Amino acid sequence: MGTNKVDRKMLGAKFVHVLSPSTFYEVQLNVVGSEYSTNPGSPRNTGNVVKIGNNFYDESPYGVFSGFSSGIGSSMNMGLGYSNSRDSSKVYTWSSRFDFSSQLNKIMAVKAGVEFIYTDNNVNYALIEPSLPTSNSTSKWHTFPVRGAIYGQTKLEFEGMIANIGLRLDYSHAGGEWYLYDAYNKAFSGAYSSDIDNLLMKESTEKILSLSPRLGVAFPITVNSKLFFNYGHFRSMPAPENLYLLRRNTTNNAVTRLANPNNPLPKTVAYELGYEHNLGDMFLLRLAGYYKDVSDESRLVGYISRDNSVSYSVPEPNMYRDIRGFEVTLTKNRGEWITGFVNYTYMVASYGYFGLPTYYENPALQRESERNTALFDQVKPVPQPYGRANIDIFTPMQFGPEIGGIYLLEDIRINLLATWSSGTYFAWTGPGGTRPGFSNNIQWKDFYNFDMRISKTLRLGPVGLEMFADISNLFNIKYLDYRAGFVDAKDYDAYMQSLHLASEFSQFGYKNIVGEDKPGDVRTGEYIPWDDNASESQKEEWRKNKSYIDMPNLAYTAFLNPRAIYWGLRIMVELK
26 MGTNKVDRKM
36 LGAKFVHVLS
46 PSTFYEVQLN
56 VVGSEYSTNP
66 GSPRNTGNVV
76 KIGNNFYDES
86 PYGVFSGFSS
96 GIGSSMNMGL
106 GYSNSRDSSK
116 VYTWSSRFDF
126 SSQLNKIMAV
136 KAGVEFIYTD
146 NNVNYALIEP
156 SLPTSNSTSK
166 WHTFPVRGAI
176 YGQTKLEFEG
186 MIANIGLRLD
196 YSHAGGEWYL
206 YDAYNKAFSG
216 AYSSDIDNLL
226 MKESTEKILS
236 LSPRLGVAFP
246 ITVNSKLFFN
256 YGHFRSMPAP
266 ENLYLLRRNT
276 TNNAVTRLAN
286 PNNPLPKTVA
296 YELGYEHNLG
306 DMFLLRLAGY
316 YKDVSDESRL
326 VGYISRDNSV
336 SYSVPEPNMY
346 RDIRGFEVTL
356 TKNRGEWITG
366 FVNYTYMVAS
376 YGYFGLPTYY
386 ENPALQRESE
396 RNTALFDQVK
406 PVPQPYGRAN
416 IDIFTPMQFG
426 PEIGGIYLLE
436 DIRINLLATW
446 SSGTYFAWTG
456 PGGTRPGFSN
466 NIQWKDFYNF
476 DMRISKTLRL
486 GPVGLEMFAD
496 ISNLFNIKYL
506 DYRAGFVDAK
516 DYDAYMQSLH
526 LASEFSQFGY
536 KNIVGEDKPG
546 DVRTGEYIPW
556 DDNASESQKE
566 EWRKNKSYID
576 MPNLAYTAFL
586 NPRAIYWGLR
596 IMVELK
């Protein structure tokens with residue numbers, strides 16, 4: 026591991042002025058800065074410094090070593106690929122915002138505002154791997170992008186119906202100038218890229234304006250229920266690398282990555298239709314279906330010249346996504362002892378691309394790429410539903426015995442966060458490669474996790490003392506992540522073959538003992554190979570403990586989420 030230091034600085038101010046009982050405005054000013062210092066760690070002592078048995082070894086895995094280094098008795102890499110990041114970037118962002126709100130009459134309220142954001146991007150980072158110099162690269166830019174927005178919103182209320190109508194105008198300017206070039210220009214080659222600023226003309230980057238309408242409508246059906254509909258356009262900022270980057274290979278100086286600051290901002294058009302029902306003035310049931318149409322997202326597209334001297338990638342806005350699903354949420358947002366929510370979400374996402382991932386100046390290679398129709402297929406992953414629960418249990422104020430004006434049992438809080446997600450789908454057709462015609466025919470075991478936070482606050486006048494403990498993986502569940510902990514493909518195949526899978530997997534030419542196991546199952550005791558001649562009672566014991574499962578050989582990397590407990594004390598001072 027390298028030595029890493031990140032200094033973060035933040036300063037903000039907020040001013041609110043009430044003009045009348047129905048009108049006020051607020052002003053916010055903020056500056057946020059981040060300064061990075063990422064460097065390699067201390068070098069590894071490659072001498073014979075550790076004796077195990079009759080053999081001497083170096084101090085691996087400690088220390089940095091750029092070269093091949095395998096673990097003792099395994100092929101686990103302890104050399105290449107570690108501590109190769111360098112970063113000395115400094116990024117500061119200044120933002121200001123003005124918001125005005127007024128209730129004009131009993132049915133109409135208005136809100137409007139303006140926002141301005143200025144950024145100083147002084148970025149300098151690199152990938153340095155001494156043993157693999159051809160993969161090394163540096164990334165530098167110093168730019169001053171500007172963003173702004175103006176918005177207006179009207180809220181209408183009439184006989185229980187509420188409508189929010191808004192419009193937002195976003196302004197984005199990456200700043201500076203950018204290159205004018207044709208796709209296979211030799212200025213990107215290693216021989217000429219050092220003089221790229223003289224070889225290529227530049228022009229000012231474009232100023233991008235985006236208009237985004239918003240609409241939200243809710244109207245009652247009964248005293249305890251309502252329907253609602255939300256619609257809106259939303260814009261997001263692309264990754265900074267896609268706006269400013271010119272990356273060179275440190276070996277031959279060729280340009281390998283180029284930005285495009287004139288790309289349109291990624292756009293999301295979102296629809297939501299839902300129903301809410303009040304249950305006994307204690308619970309709120311929410312049912313909602315949604316759809317999101319995402320366009321103008323960028324993906325890297327490669328360009329390769331006829332003689333391969335030019336080979337770089339540039340982000341182009343040719344990716345699209347469709348996200349749709351529904352969710353059910355039960356919320357308890359009031360109570361003296363317990364509040365919280367439980368949520369179930371079913372989501373389906375698909376995505377695809379327009380155009381090719383790589384373009385060749387060589388006509389033969391270009392025609393071959395165009396004949397590959399699979400490049401235009403839409404990707405439709407199998408849905409993976411997930412659920413969440415956040416339960417907050419607490420004691421009321423002034424609860425329990427009082428000692429010296431302090432209630433020892435008041436304001437004790439236990440927060441439980443539970444998560445579940447459906448397991449990953451993948452293909453399994455026996456050891457070796459996947460057979461043609463099979464995909465996503467088996468599912469990894471579902472993921473479960475429970476975290477807890479317990480806290481107690483003592484109030485001593487204007488001072489509050491909060492004692493807390495955060496417990497991750499509360500029940501210490503051993504979850505084997507998908508393909509985690511395996512030395513190689515043979516180790517993975519051995520694990521999969523040891524599982525007692527459903528009968529449909531017996532067709533794949535290996536001895537599958539039919540059972541109800543799922544990938545991700547783990548044994549709880551010592552390994553005992555399955556024996557068909559054993560007694561039924563012995564077999565039942567093996568099934569219970571899953572003793573026959575051949576676990577991953579790198580067991581110490583298979584379970585990386587043990588229970589952890591963090592204690593802390595927070596001091597809060599109320600200034601009046």
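Using the working numbering, the first residue of the sequence shown is number 26, and each one after it goes up by one. For glycine and all other residues, C-beta sits at the position ideal for the given N, C-alpha and C. This one's a predicted model, so the numbers in the text were calculated from it and none came from an experiment.
{"Asked": "Contact between the region 166-178 and the region 350-358 (3+ Cβ pairs under 8 angstroms)", "Found": "no"}
{"Asked": "Alpha-carbon to alpha-carbon, residue 333 and residue 208", "Found": "13 angstroms"}
{"Asked": "Any 3 or more C-beta pairs closer than 8 angstroms across the region 143-154 and the region 107-119", "Found": "yes"}
{"Asked": "Helix, strand or coil at residue 492 [DSSP, three-state]", "Found": "strand"}
{"Asked": "Contact the region 284-294 vs the region 317-331: 3+ CB pairs below 8 angstroms", "Found": "yes"}
{"Asked": "The beta strand (DSSP E) enclosing residue 514, as first and last residue numbers", "Found": "Careful: residue 514 lies outside any beta strand (DSSP E), inside the alpha helix (DSSP H) at 514-523."}
{"Asked": "Contact between the region 272-281 and the region 250-260 (3+ Cβ pairs under 8 angstroms)", "Found": "no"}
{"Asked": "Chain-order list of residues whose beta-carbon lies under 8 angstroms from that of residue 276 (same chain, five-residue window excluded)", "Found": "158, 159 and 161"}
{"Asked": "Beta-carbon spacing of residue 80, residue 203 below 8 angstroms", "Found": "no"}
{"Asked": "Alpha carbon of residue 449 to alpha carbon of residue 37, nearest angstrom", "Found": "43 angstroms"}
{"Asked": "Cβ-based neighbour list, residue 42, same chain, cut-off 7 angstroms, excluding 5 preceding and 5 following", "Found": "49 and 50"}
{"Asked": "Nearest-angstrom Cα separation, counted from residue 594 out to residue 428", "Found": "22 angstroms"}
{"Asked": "8 angstroms contact criterion, which residue 420 and residue 434 should meet: CB distance rounded", "Found": "6 angstroms"}
{"Asked": "Residue 23 (DSSP reduced to helix, strand or coil)", "Found": "Not covered by the structure: residue 23. The range shown for the chain is 26 to 601."}
{"Asked": "Cutoff 7 angstroms; reference residue 168; Cβ partners in own chain excluding five residues on either side", "Found": "146, 199, 200, 201 and 269"}
{"Asked": "Cβ-based burial, residue 532 [other Cβ within 10 Å; buried from 16]", "Found": "exposed"}
{"Asked": "Reduced DSSP secondary structure (H/G/I, E/B, other) of residue 440", "Found": "strand"}
{"Asked": "N- and C-terminal bounds of the beta strand (DSSP E) containing residue 585", "Found": "Per DSSP, residue 585 belongs to no beta strand (DSSP E) and is neither H nor E."}
{"Asked": "Residue 342, DSSP secondary structure in three states", "Found": "strand"}
{"Asked": "Nearest-angstrom Cα separation, counted from residue 263 out to residue 385", "Found": "26 angstroms"}
{"Asked": "Per-residue DSSP class, three states only, for residue 410", "Found": "coil"}
{"Asked": "DSSP state of residue 500 mapped onto helix, strand, coil", "Found": "coil"}
{"Asked": "contact_flag[the region 390-401, the region 411-426] where n(CB pairs < 8 angstroms) is 3 or more", "Found": "no"}
{"Asked": "Whether residue 588 touches residue 497 by CB criterion (8 angstroms)", "Found": "yes"}
{"Asked": "Minimum C-alpha distance to residue 487 - residue among 597, 404, 253 and 563", "Found": "597"}
{"Asked": "Extent of the continuous beta strand (DSSP E) run through residue 203", "Found": "202-204"}
{"Asked": "Beta-carbon proximity of residue 253 to residue 301, cut-off 8 angstroms", "Found": "yes"}
{"Asked": "DSSP three-state assignment for residue 107, whether helix, strand or coil", "Found": "coil"}
{"Asked": "Nearest-angstrom beta carbon gap, residue 503 and residue 584 [assumed within contact, 8 angstroms]", "Found": "5 angstroms"}
{"Asked": "Through-space distance from residue 422 to residue 139, alpha-carbon basis", "Found": "42 angstroms"}
{"Asked": "Alpha helix (DSSP H) runs wholly inside the region 197-275, at least 4 long, in chain order", "Found": "221-224 and 266-269"}
{"Asked": "Proximity to residue 151 [Cα-Cα], best of 192, 63 and 185", "Found": "63"}
{"Asked": "Straight-line gap, residue 383 to residue 338 (C-alpha atoms, nearest Å)", "Found": "8 angstroms"}
{"Asked": "DSSP three-state assignment for residue 465, whether helix, strand or coil", "Found": "coil"}
{"Asked": "Residue span of the beta strand (DSSP E) that contains residue 73, given as start and end", "Found": "Residue 73 -> no beta strand (DSSP E), and no H or E assigned at all."}
{"Asked": "The region 544-557 / the region 458-476 touching (three or more Cβ pairs under 8 angstroms)", "Found": "yes"}
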